[in-house]
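A.B. asks:
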Amino acid sequence: MNLGTICTIAVKELRDVTRDRKTLLFMLVFPTLSIPVLGMGMSRLVISQAQARDVAKVTVAADARSREALLGAARGAALSLAPRTADALRKLAPEAWAELERALGALAADPSARDRALGGAEDLPPEVRKAAEKLRSALDSPRAGLPAGERRALQRAAAAQKLLARTEFSDPAALPAAPSGTAERLPAGLRDDSLALRAAAAIASRTLHAAVVLPPDFAELVAAEGEPPQVRLYYDSTFPLSQEASDRVRSALDAYAEGVVDARLSGRSLTRTLLKPVDVADRNLAPPSRQFQAAIGGFLPYTIILFAFLGGLYPAIDLGAGEKERFTLETLLLTPATRLEIGAGKFLVVFLASMVSAVLSLGAMAFTLTKGILPPEMLAAIEVSLDARALALSLVAVAPVAATFAALLLAVSVYARSFKEAQTYAAPLQFLIIVPAIVSLLPDVQPTPVLGTIPVLNVSLLMREILRGELPGTLVLVTALSSLALAAAALAFAARCFSREEVLFRA
Amino acid sequence: MDSPPLVVAQGLCKTFRGKKRTTVEAVREVSFTAHAGEIFGLLGPNGAGKTTTLRMLSTALRPTAGTATIAGHDLVRQPAEVRRRIGFLSASTGLYGRLTPREVVTYFGRLAGVPPGSLGERVTELFARLGIAGYADRRCDSLSTGQKQRVTIARAVVHDPPVVVMDEPTAGLDVLGARAIVDFVAECRARGRCVLLSTHVMHEAQKLCDRVAVIHEGRLLAEGTPAELCARLAAPDLEAAFVKLVGGAAA
Chain A
1 MNLGTICTIA VKELRDVTRD RKTLLFMLVF PTLSIPVLGM GMSRLVISQA QARDVAKVTV
61 AADARSREAL LGAARGAALS LAPRTADALR KLAPEAWAEL ERALGALAAD PSARDRALGG
121 AEDLPPEVRK AAEKLRSALD SPRAGLPAGE RRALQRAAAA QKLLARTEFS DPAALPAAPS
181 GTAERLPAGL RDDSLALRAA AAIASRTLHA AVVLPPDFAE LVAAEGEPPQ VRLYYDSTFP
241 LSQEASDRVR SALDAYAEGV VDARLSGRSL TRTLLKPVDV ADRNLAPPSR QFQAAIGGFL
301 PYTIILFAFL GGLYPAIDLG AGEKERFTLE TLLLTPATRL EIGAGKFLVV FLASMVSAVL
361 SLGAMAFTLT KGILPPEMLA AIEVSLDARA LALSLVAVAP VAATFAALLL AVSVYARSFK
421 EAQTYAAPLQ FLIIVPAIVS LLPDVQPTPV LGTIPVLNVS LLMREILRGE LPGTLVLVTA
481 LSSLALAAAA LAFAARCFSR EEVLFRA
Chain B
1 MDSPPLVVAQ GLCKTFRGKK RTTVEAVREV SFTAHAGEIF GLLGPNGAGK TTTLRMLSTA
61 LRPTAGTATI AGHDLVRQPA EVRRRIGFLS ASTGLYGRLT PREVVTYFGR LAGVPPGSLG
121 ERVTELFARL GIAGYADRRC DSLSTGQKQR VTIARAVVHD PPVVVMDEPT AGLDVLGARA
181 IVDFVAECRA RGRCVLLSTH VMHEAQKLCD RVAVIHEGRL LAEGTPAELC ARLAAPDLEA
241 AFVKLVGGAA A
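Respectively, the protein sequence lines represent chains A and B. 1 is the number of the first residue of the first sequence in the working numbering; add one for each residue after it. 1 is the number of the first residue of the second sequence in the working numbering; add one for each residue after it.
#1: Within a Cβ cutoff of 8 Å, which residues of the same chain sit near Val-349/A, ignoring the five residues on either side of it in sequence?
#2: Determine the direct distance from the alpha carbon of Glu-465/A to that of Leu-534/A, and round the result to whole angstroms.
#3: What is the C-beta distance between Ile-35/A and Thr-368/A, in whole angstroms, given that I count them as a contact (C-beta under 8 Å)?
#4: Using the beta-carbon of each residue, which ones in chain A are nearer than 8 Å to Gly-97/B?
#5: Closest to Glu-29/B by C-alpha separation, out of Leu-233/B, Gly-247/B, Arg-232/B and Ala-222/B, would be which residue?
#6: If we ignore side chains and look at the alpha-carbon of each, how far apart do Val-212/B and Met-202/B end up?
#7: According to DSSP, simplified to helix, strand and coil, what is Lys-20/B?
#8: For the candidate residues Glu-25/B, His-35/B and Ala-112/B, whose alpha-carbon lies nearest to that of Gly-260/B?
#9: Quick check on DSSP: helix, strand or coil for Val-128/A?
#10: Consult DSSP for Ser-413/A and reduce its assignment to one of helix, strand or coil.
#11: Reducing DSSP to helix, strand and coil, say where Met-166/B ends up.
#12: Quick check on Val-213/A: buried or exposed, where buried means 16 or more other Cβ atoms within 10 Å of its Cβ?
#13: Are the CB atoms of Ala-61/A and Ala-308/A nearer to each other than 7 Å?
#14: Buried or exposed: which applies to Ile-215/B, given that a residue is buried once 16 or more other Cβ atoms fall within 10 Å of its Cβ?
#15: I'd like to know if Lys-12/A contacts chain B, where contact means its C-beta is closer than 7 Å to some C-beta of that chain.
#16: Thinking C-beta only, is Ala-178/A closer than 7 Å to Ala-201/A?
#17: Please report the straight-line C-alpha distance between Ile-132/B and Gln-147/B, rounded to a whole angstrom.
#18: Do you know how far the Cα of Arg-189/B is from the Cα of Phe-127/B?
#19: Would Glu-127/A and Ala-103/A qualify as a contact pair, given that the criterion is a beta-carbon distance under 7 Å?
#20: Along the beta strand (DSSP E) that carries Leu-282/B, what are the first and last residues, could you check?
#21: Specify, as a first and last residue, the run of the alpha helix (DSSP H) that Glu-244/A falls within.
#22: Among all the DSSP beta bridges, which residues are the ones paired with Gln-10/B?
#23: Give a yes or no on whether the minimum CB-CB distance between Asp-444/A and chain B is below 7 Å.
#24: Based on the DSSP secondary-structure assignment, which residues constitute the bridge partners of Arg-232/A?
#25: Near Arg-85/B, what residues of its chain come up, given a Cβ to Cβ distance below 8 Å and the 5 sequence neighbours on each side ignored?
#26: Apart from the five residues just before and just after Phe-30/A, which ones in its own chain have a Cβ nearer than 6 Å to its Cβ?
#27: Listing by chain order, which chain A residues have their CB less than 7 Å from the CB of Gly-113/B?
#28: Can the beta-carbon of Ser-237/A be found closer than 7 Å to that of Gln-230/A?
#29: Between which two residues does the beta strand (DSSP E) containing Arg-211/B stretch?
#30: So is Asp-167/B buried or exposed if we call it buried at 16+ other beta carbons inside 10 Å?
#31: Taking Ser-58/B as the query, report the chain A residues whose CB atoms sit under 7 Å from its CB, ordered along the chain.
#32: Less than 7 Å separating the beta-carbons of Asp-63/A and Pro-176/A?
#33: Assign Asp-279/A to one of two classes, buried (16 or more other C-beta atoms within 10 Å of its C-beta) or exposed (fewer than that).
#34: Given Cys-497/A, which residues of its chain have a CB within under 6 Å of its CB, disregarding the five upstream and five downstream residues?
#35: Does any C-beta atom of chain A lie closer than 7 Å to the C-beta of Thr-106/B?
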């Protein structure tokens with residue numbers, strides 16, 4: 001082995017490969033751009049969709065009596081804050097309480113105004129809403145010591161407010177007749193329901209989002225405490241805004257129902273605890289940063305491993321099968337350079353391409369995640385996991401995998417008769433590496449020494465642990481040993497392919 | 001012949017494993033000697049074993065039995081020494097399309113062990129001689145077939161080898177391309193090199209070769225100067241002698 005010869009070959013191959021646009025595209029441009037473009041695009045889309053849904057105006061078809069009953073129920077829910085809650089608040093956050101009283105001024109005497117403020121009504125002065133917000137957050141904190149059911153009263157009230165604020169009602173009688181063929185597409189039980197037909201057509205044409213029918217004697221039926229009045233709610237869950245409209249109507253009615261339950265219970269001198277014999281209090285000890293890392297930590301290794309493979313793919317095919325296809329291999333083999341030197345020189349270039357691609361994808365990912373449009377608490381979590389040490393360790397961990405890929409791809413490429421044949425062999429190889437890499441995405445898979453012996457999977461898991469801020473000794477050792485052994489075996493295989501005349505001169 | 005023998009082949013055999021566990025004896029006991037300043041032709045129909053013989057002599061393939069020496073070096077035991085002393089050229093050898101002629105020839109010069117100090121000078125001199133200087137720094141992709149042919153020649157002899165091995169060098173070339181090869185072969189002889197070439201174009205062999213060997217079905221049937229072969233077989237020219245030899249063997 002002559003290092004000078006290996007260098008001569010590596011330098012020439014590097015020059016050759018970097019003059020190829022396709023290689024540059026796969027090695028440099030693809031890993032650098034695909035993650036930011038896809039990542040930012042997708043997260044922006046998801047977030048904007050969620051936000052749009054939250055503030056979207058929706059239209060619900062309801063006849064005059066249904067509308068009145070529904071709005072009455074919603075208002076009732078907003079006003080249903082139990083006096084006990086108010087007492088608890090006064091004790092819990094006296095300053096915030098005083099602030100709210102001050103902001104309310106003359107309205108403070110009216111308990112319903114205070115309750116509406118706490119329920120999140122939007123038609124109140126800003127200082128009142130600010131003070132109410134402060135009180136609500138005090139109530140939300142576990143230290144408030146309120147039973148979970150009562151704590152949620154405020155959230156229910158807010159939902160009812162939302163229904164009142166951003167929902168328009170239309171007259172179901174004004175809905176156009178459904179075009180023929182609508183009935184066939186509806187579930188069997190609804191085909192004879194004329195409102196269902198017209199609502200389905202209107203939702204499909206995006207002029208309506210839901211329809212609701214309350215019985216004319218809704219309030220009386222509730223007051224009678226007999227059979228509950230049946231409310232029919234029509235929507236199409238495949239249209240996000242229709243789902244949203246349905247959610248709003250339902251949460252307003254649920255909030256109302258909760259309030260009614262409270263009233264019925266207190267009418268009988270009973271408390272809610274009667275309905276809830278057990279109260280489980282969640283105490284998730286994982287800091288938010290770690291919860292988020294558990295998700296992103298699995299995605300990162302997968303992406304880096306994939307790009308390590310893709311980066312080496314094209315150069316490897318070019319340097320092996322490409323030489324055969326261009327009839328340059330024989331002359332190269334007839335130089336005094338040994339087969340091992342030729343193989344080593346080519347391996348170095350493929351390995352370099354693979355690593356460059358991995359580094360770029362990691363950098364691009366770090367950039368996307370930190371400079372992206374993610375919420376601040378996510379950013380904080382990512383910055384913790386993407387510190388320089390973790391990134392450097394990840395690259396060290398990916399190096400033996402990249403070496404294995406480089407050697408395997410080169411071996412396959414030398415074995416193949418042509419470019420096309422090499423690509424055919426590389427496709428199942430790609431599948432074989434992607435599947436173990438995906439395993440790190442599954443949060444349940446714990447790094448055990450046995451898994452540490454499975455190629456690709458072990459490095460994928462190890463990188464996940466590193467990004468979580470851990471460095472489990474046994475896993476590091478087993479992974480390092482097994483991936484180095486695999487890389488060495490792959491290299492030996494590639495070198496063997498370079499020395500076998502029946503492989504080199506397959507015609 | 002008074003010049004020193006540069007290529008001495010002794011009982012070269014090559015057996016390939018064929019499909020379904022059959023074996024193919026591509027070359028059987030081929031022996032010959034070629035000297036400095038001589039053009040030695042291997043003649044034979046397609047599939048006779050010419051390419052396999054030349055690949056063994058250039059160390060691309062390892063002989064199953066027998067051996068040969070190139071300029072005194074054994075090709076089985078000292079393949080690297082042998083490779084330093086041969087230049088290999090065939091009509092099908094390609095160039096690295098994304099590199100320039102200068103880069104290609106320099107690369108092969110370096111691999112062949114030309115001292116870095118004199119390599120640049122050697123390349124420049126070679127390019128001037130072969131008329132490559134005008135396109136030395138353009139990508140090989142953009143060159144014409146004739147231009148590529150010249151670069152291929154330069155690449156084969158950049159290390160000034162005593163033995164040049166050419167496998168069907170004129171196959172597929174037009175008249176001008178073939179002419180360039182013929183001129184190059186003659187020049188090699190004039191410079192005292194030994195040229196080993198294979199062909200099935202008989203008039204080319206008759207014109208060019210000092211001595212020829214006829215190979216058929218892996219065996220060397222006859223060896224001598226073209227005139228000797230014609231006389232021995234009472235044939236008017238080399239082509240007639242070849243047909244008599246090969247036809248007789250087939251019958």
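Backbone N, C-alpha and C fix where the C-beta goes; we use that ideal spot for every residue, glycine too.
C.D. replies: Taking the structure as given:
#1: As a working note, residue 349/A is residue 349 in the first sequence. Counting only Cβ-Cβ distances below 8 Å, and skipping sequence neighbours, we find Ala-10, Glu-13, Leu-14, Val-17, Pro-315 and Leu-319.
#2: The structure shown does not extend to residue 534/A, since chain A spans only 1 to 507, so no value can be given for it.
#3: Walking along the first sequence from the start, residue 35/A turns up at place 35. Walking along the first sequence from the start, residue 368/A turns up at place 368. 5 Å between Cβ atoms; contact.
#4: Locating residue 97/B in the second sequence gives position 97, where the first residue counts as 1. The contacting residues are Arg-326.
#5: Here residue 29/B is taken as the residue at index 29 of the second sequence, counted from 1. Comparing Cα positions, the closest option is Ala-222/B.
#6: Against the second sequence, residue 212/B aligns to sequence position 212. Against the second sequence, residue 202/B aligns to sequence position 202. Each residue's Cα considered, the two are about 10 Å apart.
#7: Residue numbering aside, residue 20/B sits at position 20 when the second sequence is read from its first letter. Of the three classes helix, strand and coil, the one that applies to Lys-20/B here is helix, per DSSP.
#8: Residue 260/B lies beyond the range of chain B shown here (1 to 251); nothing can be said about it.
#9: Walking along the first sequence from the start, residue 128/A turns up at place 128. Residue state, collapsed to three classes: helix.
#10: Here residue 413/A refers to the residue found at position 413 of the first sequence. Helix, per DSSP.
#11: Working through the second sequence from its first residue, we reach residue 166/B at position 166. Of the three classes helix, strand and coil, the one that applies to Met-166/B here is strand, per DSSP.
#12: Here residue 213/A refers to the residue found at position 213 when the first sequence is read from its first residue. By the 10 Å Cβ count, Val-213/A comes out buried.
#13: Here residue 61/A refers to the residue found at position 61 of the first sequence. Here residue 308/A refers to the residue found at position 308 of the first sequence. Using a Cβ distance threshold of 7 Å, Ala-61/A and Ala-308/A do not count as a contacting pair.
#14: Within the second sequence, the letter at position 215 stands for residue 215/B. The residue in question, Ile-215/B, is buried, as its Cβ has 16 or more Cβ neighbours within 10 Å.
#15: For the purposes of this step, residue 12/A is taken as residue 12 along the first sequence, with counting starting at 1. True, the Cβ-Cβ gap to chain B drops below 7 Å.
#16: The count along the first sequence starts at 1 and reaches residue 201/A at position 201. The count along the first sequence starts at 1 and reaches residue 178/A at position 178. Cβ distance < 7 Å, so Ala-201/A and Ala-178/A count as in contact.
#17: Sequence index remark: in the second sequence, residue 132/B carries index 132 (1-based). Sequence index remark: in the second sequence, residue 147/B carries index 147 (1-based). If I take the Cα positions, the gap works out to 7 Å.
#18: On the second sequence, residue 127/B is found 127 positions in, with the first residue counted as 1. On the second sequence, residue 189/B is found 189 positions in, with the first residue counted as 1. Taking the straight line joining both Cα atoms gives about 19 Å.
#19: Within the first sequence, numbered from 1, the residue matching residue 127/A stands at position 127. Within the first sequence, numbered from 1, the residue matching residue 103/A stands at position 103. By the CB criterion at 7 Å, Glu-127/A and Ala-103/A fall inside the cutoff.
#20: Any answer about residue 282/B is impossible in this case: the structure gives chain B only from 1 up to 251.
#21: Residue mapping note: residue 244/A aligns to position 244 of the first sequence, counting from 1. Start and end: 240-267.
#22: In the second sequence, the residue the question calls residue 10/B occupies position 10. Beta-bridge pairing links Gln-10/B to Thr-67/B.
#23: The residue labelled residue 444/A in the question sits at position 444 within the first sequence. It does not; no Cβ of chain B falls within 7 Å.
#24: Against the first sequence, residue 232/A aligns to sequence position 232. According to DSSP, Arg-232/A bridges with Val-213/A.
#25: Residue 85/B sits at position 85 when you count from the first residue of the second sequence. Cβ within range, chain order: Ile-70, Ala-71, His-73, Pro-161, Pro-162 and Val-163.
#26: Translated into positions along the first sequence, residue 30/A becomes position 30. For Phe-30/A, same chain residues with a beta-carbon under 6 Å away, outside a window of 5 residues either side, do not exist.
#27: As a first step, residue 113/B must be located in the second sequence, where it is residue number 113. What Gly-113/B touches in chain A: Pro-336.
#28: Within the first sequence, the letter at position 237 stands for residue 237/A. Within the first sequence, the letter at position 230 stands for residue 230/A. For Ser-237/A and Gln-230/A, no; Cβs fall outside 7 Å.
#29: The residue labelled residue 211/B in the question sits at position 211 within the second sequence. Arg-211/B -> beta strand (DSSP E) spans 211-216.
#30: Residue numbering aside, residue 167/B sits at position 167 when the second sequence is read from its first letter. By the neighbour-count definition (other C-beta atoms within 10 Å, threshold 16), Asp-167/B is a buried residue.
#31: Along the second sequence, one-based indexing puts residue 58/B at 58. Leu-334, listed in chain order.
#32: Here residue 63/A corresponds to residue number 63 of the first sequence, with the count starting at 1. Here residue 176/A corresponds to residue number 176 of the first sequence, with the count starting at 1. Cβ atoms of Asp-63/A and Pro-176/A: not closer than 7 Å.
#33: The residue you call residue 279/A lines up with position 279 of the first sequence. Sixteen is the threshold: since fewer than 16 other Cβ atoms of the shown chains lie within 10 Å of the Cβ of Asp-279/A, the residue is exposed.
#34: The count along the first sequence starts at 1 and reaches residue 497/A at position 497. For Cys-497/A, where only same-chain residues beyond five positions count, the Cβ hits under 6 Å are Ala-411, Val-414, Tyr-415 and Val-503.
#35: Translated into positions along the second sequence, residue 106/B becomes position 106. Closer than 7 Å: no.
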